[in-house]
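Read left to right, the sequence shown gives residues 377 to 688 (the working numbering). We put the CB at the ideal spot given by N, CA and C, even for glycine. It should be emphasised that the depicted structure is a prediction, and the values quoted were computed from it without experimental measurement. Just below is one structure, and these are the notes that go with it.
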Amino acid sequence: MILTCTPVFQERLWGGRKLETTFEYDLPQGNIGECWGISAHPNGMSVVTSGQFAGLTLAELWEEKRELFGAYTLDSFPLLVKLLDAADDLSVQVHPNDEEAMRLEGEPYGKTECWYVVEAEPGAELILGHTAETKEQLAEAIAHGEWDTLLRRQPVRAGDFIFVPSGTIHAIGEGIVILETQQSSDTTYRVYDFDRTDDEGNTRELHLDQAIEVTTVPDSPKIVHPKTKDVTGGTVQTLIETDEFNVYRMDVTDGFVLRPLDRFRLISVLNGEGSLDGVPLEKGDHLVVTVSDKPRVVAGSMELIVSDCNLK
Ligand code: ZN
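Rendered as structure tokens:
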């Protein structure tokens, strides 16, 4: 079964309007930073728009029709897929792992995330990792605001893929549009906000104690260069396979077959149009493909980001 999902748009201080031009979404007013494409998180819930379950939320389906998803015993739907448009720099932040999220926040999941860069303006940069060798050095550098030497910067361009495990200090920079696949968590510890203030002169809250506690030390992550494999009707690029999730980029045309799988998959259409098992799809669509013992056939021509979950 193919469950197409309604996108949920989120206004953000750093957001822009690129999701309107790049994905032809009908955006609400304002600076739209995020489109939550597939989510069962209470802060932005997907509603199914296709098939017999149209009108139900993804959380309701996870609760009541678990067999559609596979042999999972997790209480809540584990993944979240979103698009982000950074018209301005996001704050520098870090997320807890599962154990820390439970211990510090009473939340079920930490946040390991990864980014596929959809667009990047010339000169666009991320912040990824830091230069401290010990927690003491990290705390010291943060206390003294030594951001230029502490934070590692990483230039990026369209097509890059970045893995951001929990504990990695990171920020998406101005001029970047990404598709993010992440654990279903909204827990963020803000480390630095470039000393920005709002119209009333207020700064945003920082969470330095928690951030220092959960940050991986030392940490100098590198951009990965995933391998691409030719298959019938297209190519499959393995972006990452981790304890939490697997993520692939697929260029598919007529004749491509999505092999049977004993668990659900999440799919976002980055480009093109076509269909999957006869369900029409176009750029900007997000869908859940349920457990299947039959191959699912593609028509048309599309670029897809496809993920599945390894947590049980
Ligand atoms: Zn993050």
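Comparing alpha-carbon positions, which option in the options lies nearest residue i?
i             : options                        : result
leucine 565   : Gly577, Thr591, Pro541         : What sits at residue 565 in the sequence shown is tyrosine, not leucine. Checked all of Gly577, Thr591, Pro541; the closest Cα to tyrosine 565 is Thr591.
glutamate 581 : Arg442, Leu437, Val468, Ser422 : Val468
glutamate 489 : Glu516, His520, Ile545, Gly650 : Ile545
glycine 446   : Val674, Val665, Asp536, Arg672 : Val665
histidine 662 : Ser677, Pro671, Ser644, Gly648 : Ser644
glutamine 586 : Leu514, Phe539, Ile538, Val612 : Leu514
glutamate 396 : Gly486, Leu459, Val423         : Leu459
serine 550    : Asn578, Asn407, Asp464, Asn647 : Note that residue 550 is glutamate in the sequence shown, not serine. Residue Asp464 is the option with its Cα nearest to glutamate 550.
alanine 547   : Leu466, Leu450, Ser452         : Leu466
valine 532    : Glu495, Gln558, Thr557         : Glu495
Taking the DSSP output, what are the residues bridged to residue i?
i                 : result
histidine 546     : Gln469, Leu504
tryptophan 412    : Val384, Lys458
arginine 529      : Ile503
proline 636       : According to DSSP, proline 636 bridges with nothing at all.
phenylalanine 539 : Cys490
proline 656       : Ser651
glycine 420       : His417
glutamate 443     : For glutamate 443, which the question treats as bridged, DSSP gives no partner whatsoever.
leucine 557       : This sequence places threonine at residue 557; leucine is not what is there. Val457, Cys490, per the DSSP bridge assignment.
leucine 379       : Val664
leucine 706       : No answer is possible for residue 706: it lies beyond the span of the chain, which begins at 377 and ends at 688.
How is the alpha helix (DSSP H) around residue i delimited, first residue to last?
i           : result
leucine 663 : Counting along the chain, leucine 663 falls outside any alpha helix (DSSP H), though it belongs to the beta strand (DSSP E) covering 662-665.
leucine 434 : 434-440
lysine 394  : 394-399
In the DSSP assignment, find the beta strand (DSSP E) that holds residue i and state where it starts and stops.
i           : result
alanine 675 : 672-685
Requested in this report: Identify every run of the beta strand (DSSP E) within the region 559-585, keeping only runs that are complete inside it and at least 3 residues long; order them along the chain.
Outcome: 565-568
**Report entry** 4-residue-minimum alpha helix (DSSP H) runs that sit fully inside the region 579-632, ordered along the chain
**Finding:** 584-590
Requested in this report: Note down, one range per segment and in chain order, each alpha helix (DSSP H) of at least 4 residues found wholly within the region 475-526.
Outcome: Every unbroken stretch of the alpha helix (DSSP H) spanning 4 or more residues and falling wholly within the region 475-526 is given here in chain order: 511-519, 523-526.
Requested in this report: Kindly provide the chain-ordered list of residues whose Cβ lies closer than 7 Å to any non-hydrogen atom of the ligand ZN.
Outcome: Gln469, His471, Lys487, Glu489, Val540, His546, Thr564
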